[in-house]
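In our numbering, the protein residues as written are 2 to 296. Notes for the one structure printed next.
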Ligand SMILES: [Zn+2]
């Protein structure tokens with residue numbers, strides 16, 4: 002068995018999986034707003050609850066919406082985690098060893114070992130949600146990089162920008178024009194708000210586009226072109242066999258056909274063999290991947 006924990010921006014999940022990747026137990030709680038100590042105590046309670054149901058005393062894998070280098074959280078979408086010694090504090094509060102990695106890395110590890118990219122040599126994962134993250138798995142091994150930021154596609158600038166995209170677009174990370182500020186649920190919602198002065202969720206915008214709302218359709222087409230550019234950049238740099246999309250935005254089904262149509266404009270070559278697929282595990286792919294960190 003393995004135990005994973007996902008510190009999500011809205012929900013914290015704990016899951017125990019069998020060695021074969023089957024979910025045996027899943028427990029969730031709301032993520033405390035802006036309090037590191039409350040986050041630690043919520044995690045302690047979740048782990049106590051789930052291990053009361055299924056006894057487990059081994060290492061816990063933890064997914065973080067940010068980077069963890071030498072045990073310290075950095076560039077986290079959950080600001081309360083930033084600059085905290087998260088590994089040491091979790092180990093002290095849980096009384097056991099923990100292994101941490103970025104949410105996108107955990108997502109990709111799951112998809113490469115048990116999900117839509119199983120038995121594939123080189124897998125790049127793109128988790129497109131409230132914040133967006135990436136992961137790279139080669140030969141079933143998670144590539145972390147020298148600074149634990151491998152596959153950080155979402156905090157580099159939007160490639161091949163058109164002039165109006167160069168104005169503004171502050172990213173929550175403190176920099177400007179990051180891909181995350183365009184290619185994320187929040188980025189899409191901000192774009193829609195700028196045009197309509199109406200606040201709609203990314204999922205509601207996609208639903209409206211399906212119902213032939215012209216403005217929503219236009220917003221979705223702009224997003225698709227930006228994901229097309231982001232994936233083209235990844236193919237130019239990494240050239241993976243498979244790119245797996247996940248998260249609230251990554252699961253829009255039409256992306257599978259609309260995004261590869263953008264590639265000829267941004268990638269040299271005539272016939273593209275990279276497969277674009279979508280996670281079949283939904284939001285739980287991240288906690289499942291976290292459980293695999295200790296393997
Ligand atoms: Zn950024």
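Glycine included, C-beta positions come from ideal geometry on N, C-alpha and C.
Simplified DSSP assignment, three categories, for residue i
i           : result
residue 98  : coil
residue 92  : helix
residue 161 : coil
residue 222 : helix
residue 200 : coil
residue 55  : coil
residue 139 : strand
residue 287 : helix
residue 189 : helix
residue 183 : coil
residue 60  : coil
residue 116 : coil
residue 229 : helix
residue 85  : coil
residue 144 : coil
residue 156 : helix
residue 254 : coil
residue 299 : Outside the displayed range of the chain (2 to 296) lies residue 299, so it cannot be described from this structure.
Nearest residue (CA-CA) to residue i, options the options
i           : options               : result
residue 277 : 231, 222 and 44       : 231
residue 296 : 207, 254 and 141      : 141
residue 167 : 153, 182, 174 and 214 : 182
residue 256 : 239, 226, 283 and 270 : 226
residue 299 : 214, 246 and 208      : Any answer about residue 299 is impossible in this case: the structure gives the chain only from 2 up to 296.
residue 40  : 90, 175, 24 and 23    : 90
residue 268 : 249, 235 and 250      : 235
residue 312 : 263, 137 and 80       : Missing from the structure shown is residue 312; the chain here goes from 2 to 296 and no further.
residue 206 : 249, 169, 241 and 14  : 249
residue 18  : 59, 43, 279 and 37    : 59
residue 237 : 169, 274 and 48       : 274
residue 37  : 233, 86 and 102       : 86
residue 15  : 35, 221 and 61        : 61
residue 78  : 173, 213, 191 and 165 : 173
residue 253 : 186, 83 and 123       : 186
residue 203 : 118, 161, 217 and 162 : 217
residue 288 : 70, 125 and 103       : 103
Bridge-paired residues (DSSP) for residue i
i           : result
residue 171 : 177
residue 103 : 65
residue 75  : 68
residue 14  : 7 and 29
residue 134 : 128
residue 24  : 18
residue 243 : 124 and 276
residue 110 : Per DSSP, none; premise fails for residue 110.
Rounded C-alpha distance that separates residue i from residue j
i           : j           : result
residue 201 : residue 193 : 8 Å
residue 1   : residue 130 : As displayed, the chain neither begins before 2 nor continues past 296, which places residue 1 out of reach and without an answer.
residue 281 : residue 243 : 15 Å
residue 57  : residue 51  : 9 Å
residue 223 : residue 45  : 42 Å
residue 152 : residue 25  : 30 Å
residue 113 : residue 259 : 23 Å
residue 150 : residue 68  : 7 Å
residue 189 : residue 139 : 31 Å
residue 107 : residue 176 : 25 Å
residue 53  : residue 4   : 13 Å
residue 294 : residue 2   : 12 Å
residue 143 : residue 7   : 17 Å
residue 191 : residue 55  : 43 Å
residue 145 : residue 73  : 15 Å
residue 261 : residue 272 : 11 Å
Closer than 9 Å to chain B by CB, residue i
i           : result
residue 156 : Of the protein chains in this structure there is only one, and it is not chain B.
*Chain-ordered list of residues that sit, by beta carbon, closer than 6 Å to a heavy atom of ligand 1*: Having a Cβ closer than 6 Å to some heavy atom of ligand 1 are 156, 172, 174, 176, 179 and 181.
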